[in-house]
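The opening residue of the sequence shown carries number 15 in this note's numbering; numbering runs sequentially from there.
A virtual CB, placed ideally from N, CA and C, is assigned to each residue, including glycine.
In what follows, a single structure is set out as structure tokens and then discussed.
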Amino acid sequence: MPLMRGRPGILIIHSGGIGDLLLALPAMRVFRRSFSLFPLEMMGRPERLSLVAHDLKARALHSIDQAGMAFFYAPEAQLPPRLVQFFSAFRAVLVFGKAGGEILGENLERAGVPRILRVPSFPPEKMKVHVSHFLVEALKGAGIEGEDSFQPLTLPEDSRRFAADFLARHGVGEGEPILAIHPGSGSPRKNWPLENFARVLAWARERARILLIAGPAEAGTREALEAWRKGGTLLADHLPLLSLAALLQKCRAYLGNDSGITHLAASLAVPTVALFGPTDPAVWGPLSPAVRVLRGNPAADFGPAPASSPGPRGGVNIVVEEVLPILGALIG
Numbered sequence: 015m016p017l018m019r020g021r022p023g024i025l026i027i028h029s030g031g032i033g034d035l036l037l038a039l040p041a042m043r044v045f046r047r048s049f050s051l052f053p054l055e056m057m058g059r060p061e062r063l064s065l066v067a068h069d070l071k072a073r074a075l076h077s078i079d080q081a082g083m084a085f086f087y088a089p090e091a092q093l094p095p096r097l098v099q100f101f102s103a104f105r106a107v108l109v110f111g112k113a114g115g116e117i118l119g120e121n122l123e124r125a126g127v128p129r130i131l132r133v134p135s136f137p138p139e140k141m142k143v144h145v146s147h148f149l150v151e152a153l154k155g156a157g158i159e160g161e162d163s164f165q166p167l168t169l170p171e172d173s174r175r176f177a178a179d180f181l182a183r184h185g186v187g188e189g190e191p192i193l194a195i196h197p198g199s200g201s202p203r204k205n206w207p208l209e210n211f212a213r214v215l216a217w218a219r220e221r222a223r224i225l226l227i228a229g230p231a232e233a234g235t236r237e238a239l240e241a242w243r244k245g246g247t248l249l250a251d252h253l254p255l256l257s258l259a260a261l262l263q264k265c266r267a268y269l270g271n272d273s274g275i276t277h278l279a280a281s282l283a284v285p286t287v288a289l290f291g292p293t294d295p296a297v298w299g300p301l302s303p304a305v306r307v308l309r310g311n312p313a314a315d316f317g318p319a320p321a322s323s324p325g326p327r328g329g330v331n332i333v334v335e336e337v338l339p340i341l342g343a344l345i346g
């Protein structure tokens, strides 16, 4: 991790998942605007951070998993001189996260950072307030004022070129409607049953091109995804997040579970149908005005998945008949 030379800058540290990152974006924008004259760098998981780097005009991304960072999460540790030099170059650091946050803040002070803002990643369990609003309010408590109204995520030009080339290679015409479907999430309890997604696919094929999204969360649905690939169905398989974001931006509509990719579609202002189960969308749901959240209760037992729909059953009991009219209105 090279030390960035030039004017003292500001740093944002966020190592959470995609959904958590995007829910924190309004607070990050508020922080960025408050220090608009200074260059921004970010630390966390660089591929995830790449989603917001262009939007926030970040000049560099750094891995939080690099050698030496563990010392900053240990009380009274001997801090590596290289990282002390790195952190001391910033005039302000915004740290998201509860785990080890206080110790990290203390060690950043020891490293010579003059201003450190620590923000919990989410509100206390009994506080029924949306995460994005909570984070912006937490910044106000630290003297950083700003609004958290929705603004679509902006993407760099090279990722938008990738999306245009991808669709052209697969014969998607200009203006042809695309329905993106992401059947996975970070937990089976958050998933709609695969046979329901299969019914949506069968219905949608006559109305739009289908873009299936596969990534690490879809390890248990790979067989189903392969079975669904027919009739011009597109597959975005383990694409870099920025490339996937640019493809989503081209879609007429999106259908998915409570997942980071659903938050990504919503953040891009793609008309989104988000299927929620055990998680409270009033706290964790996407905030985009283009989102329609449907919430079912976690099913006690769906029983074994039928042979016609390979892969595990989901745990969100929303009926297909509730979803189809909404998608139909979005696809047109």
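Using a threshold of 8 Å, state whether the C-beta atoms of Leu167 and Leu35 are closer than that. Working through the sequence shown from its first residue, we reach residue 167 at position 153. Working through the sequence shown from its first residue, we reach residue 35 at position 21. The answer is no: Cβ separation not under 8 Å.
Is the distance from the Cβ of Leu65 to the Cβ of Ala259 below 8 Å? To locate residue 65, count along the sequence shown from 1; it is residue 51. To locate residue 259, count along the sequence shown from 1; it is residue 245. Going by C-beta atoms, Leu65 is nearer than 8 Å to Ala259.
Give every residue of the same chain whose Cβ lies closer than 6 Å to the Cβ of Lys204, excluding the five residues on either side of it in the sequence, and list them in chain order. The sequence position of residue 204 within the sequence shown is 190, counting from 1. Excluding positions up to five away in sequence, the list reads Asn271, Asp272, Gly291.
So, helix, strand or coil for Thr286, using DSSP? Within the sequence shown, the letter at position 272 stands for residue 286. Under the three-state reduction of DSSP, Thr286 is assigned to strand.
C-beta contact flag for Leu341 and Ala238 at 8 Å: One-based indexing of the sequence shown puts residue 341 at position 327. One-based indexing of the sequence shown puts residue 238 at position 224. No. Outside cutoff.
How long is the line joining the alpha carbons of Val333 and Gly310, rounded to whole angstroms? Numbered from its first residue, the sequence shown carries residue 333 at position 319. Numbered from its first residue, the sequence shown carries residue 310 at position 296. Taking the CA atoms as reference points, Val333 sits about 9 Å from Gly310.
Could you have a look at Val8 and say whether DSSP puts it in helix, strand or coil? Past the edges of the chain, shown from 15 to 346, lies residue 8, and the structure says nothing about it.
Using 10 angstroms around the beta-carbon of Ser146, count the other beta-carbons present and answer buried if the total reaches 16, otherwise exposed. As a working mapping, residue 146 is identified with position 132 in the sequence shown. Counting of Cβ neighbours within 10 angstroms places Ser146 among the buried residues, the total reaching 16 or more.
In chain order, what residues of the same chain have a beta carbon less than 7 Å from the beta carbon of Lys142, not counting five sequence neighbours either side? For this step, residue 142 is matched to residue 128 along the sequence shown. Excluding the 5 residues flanking it on each side, Lys142 has same chain C-beta neighbours closer than 7 Å at Ala296, Val297, in chain order.
Output yes or no for whether 8 Å exceeds the beta carbon distance between Leu248 and Ala228. Residue numbering aside, residue 248 sits at position 234 when the sequence shown is read from its first letter. Residue numbering aside, residue 228 sits at position 214 when the sequence shown is read from its first letter. In this structure, Ala228 does not lie closer than 8 Å to Leu248 by Cβ.
Stretch pair the segment 147-161 + the segment 39-49: three plus CB contacts closer than 8 Å: Yes, the segment 147-161 is in contact with the segment 39-49.
Taking the C-alpha atoms as reference points, what is the distance between Glu116 and Glu171? Translated into positions along the sequence shown, residue 116 becomes position 102. Translated into positions along the sequence shown, residue 171 becomes position 157. In a straight line, the C-alpha of Glu116 is about 38 Å away from that of Glu171.
Same chain only: Cβ atoms within 6 Å of Leu276, ignoring 5 sequence neighbours per side: On the sequence shown, position 262 is the one that residue 276 refers to. In the sequence under discussion, the amino acid at residue 276 is Thr, which differs from the Leu named in the question. The answer, listed in chain order, is Gly270, Ala288.
Those runs of the beta strand (DSSP E) which lie wholly inside the segment 151-207 and span at least 3 residues: You should have 192-196.
Residues in the same chain with beta-carbon distance under 8 Å from Ala343, minus the five sequence neighbours each way, listed in chain order, please. As a first step, residue 343 must be located in the sequence shown, where it is residue number 329. Hits under 8 Å: none found.
Just verifying my parser: in three-state terms, what is the DSSP assignment at Phe110? Taking the first residue of the sequence shown as position 1, residue 110 is located at position 96. In the structure shown, Phe110 falls within a strand segment according to DSSP collapsed to helix, strand and coil.
Are Phe101 and Gly30 closer than 8 Å when you measure CB to CB? Looking up residue 101 in the sequence shown gives position 87. Looking up residue 30 in the sequence shown gives position 16. Going by beta carbons, Phe101 and Gly30 fall outside the 8 Å limit.
Pull up the distance between the alpha-carbon of Ala88 and that of Ile158, whole angstroms please. The residue labelled residue 88 in the question sits at position 74 within the sequence shown. The residue labelled residue 158 in the question sits at position 144 within the sequence shown. Going from the Cα of Ala88 to the Cα of Ile158 covers about 28 Å.
Buried or exposed for Gly155, please, with buried defined as at least 16 other CB atoms from any protein chain shown within 10 angstroms of its CB. Indexing the sequence shown from 1 puts residue 155 at position 141. Counting Cβ neighbours within 10 Å, Gly155 comes out exposed, since fewer than 16 surround it.
With distance defined between alpha-carbon atoms, name the residue in Lys244, Lys140, Phe211 nearest to His184. To locate residue 184, count along the sequence shown from 1; it is residue 170. His184 has its Cα closest to that of Lys244, out of Lys244, Lys140, Phe211.
So who's on the other strand from Arg306, going by DSSP bridges? Taking the first residue of the sequence shown as 1, we reach residue 306 at position 292. In DSSP, Arg306 forms a bridge with Val287.
Evaluate Gly189 with the Cβ neighbour count: other Cβ atoms within 10 Å of its Cβ, from every protein chain shown; 16 or more gives buried, anything less gives exposed. Stepping through the sequence shown from its first residue, residue 189 is reached at position 175. Flag for Gly189 reads exposed.
Run through DSSP, which three-state label would Asp251 get? In the sequence shown, residue 251 corresponds to position 237, counting from 1. Shown here, Asp251 sits in a strand according to DSSP, grouped into three states.
Is Phe104 helix, strand or coil when you go by DSSP? As a working mapping, residue 104 is identified with position 90 in the sequence shown. When DSSP states are grouped into helix, strand and coil, Phe104 belongs to the strand group.
Beta-ladder partner(s) of Ile26, from DSSP: By 1-based counting over the sequence shown, the position of residue 26 is 12. DSSP, once it has assigned bridges, lists Met56, Leu108 as partnering Ile26.
Expressed to the nearest angstrom, what Euclidean distance is found between the alpha-carbon atoms of Ala67 and Glu55? Start at 1 with the first residue of the sequence shown, and residue 67 comes out as number 53. Start at 1 with the first residue of the sequence shown, and residue 55 comes out as number 41. Using only the alpha carbons, I get a separation of about 9 Å.
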